[in-house]
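In what follows, a single structure is set out as structure tokens and then discussed.
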Amino acid sequence: VDFLRQARRHHAIATGTLQERKRNEMEQYFDKIAANDPEITTVEIVGNNRFMSLNQEEKVKAGMAFANNTHVTSLQMSTLKLDCKFAEALAKSLETNSTIERVLLDSNAIADDGLSA
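Letter by letter, the sequence shown follows residues 33 to 149 in the numbering used here.
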């Protein structure tokens with residue numbers, strides 16, 4: 033199935049018919065956080081299937097979204113199967129973010145490498 037999907041994508045690129053997909057609600061939400069939307073002050077995502085269905089690249093982007101945000105003060109992302117790559121991206125964001133006062137990432141798959149980030 034993956035091979036067929038890749039072949040279709042390659043054909044669409046070659047023929048100029050490739051259409052970019054619309055970003056889903058969760059991706060748009062993190063885009064707003066990255067754009068420093070003043071209406072988002074608390075992020076509370078617990079066991080959200082839409083977030084868990086994001087690919088690895090989008091999850092890392094979600095972690096990086098907080099880097100220049102000056103409005104979010106509280107972050108809870110629990111039971112989302114977050115891994116070390118997300119934790120490292122979030123840690124890098126928190127180096128430049130002085131607004132977030134509370135971070136809760138319980139019940140995820142973050143190992144020692146992610147915890148030390």
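Even glycine gets a Cβ: it sits at the ideal position worked out from N, Cα and C.
Note that the structure is predicted; figures quoted are calculated from it, not measured.
Burial is judged here by how many other beta carbons sit within 10 angstroms of a residue's own beta carbon; leucine 112 has at least 16 and is buried. For lysine 117 against valine 92, the beta-carbon gap comes to about 6 Å, under 8 Å, which counts as contact. For valine 92, the uninterrupted alpha helix (DSSP H) segment begins and ends at 88-96. Counting along the chain, the unbroken alpha helix (DSSP H) around isoleucine 65 starts and ends at 57-66. According to DSSP, serine 106 shares a beta bridge with Thr74 and Arg134.
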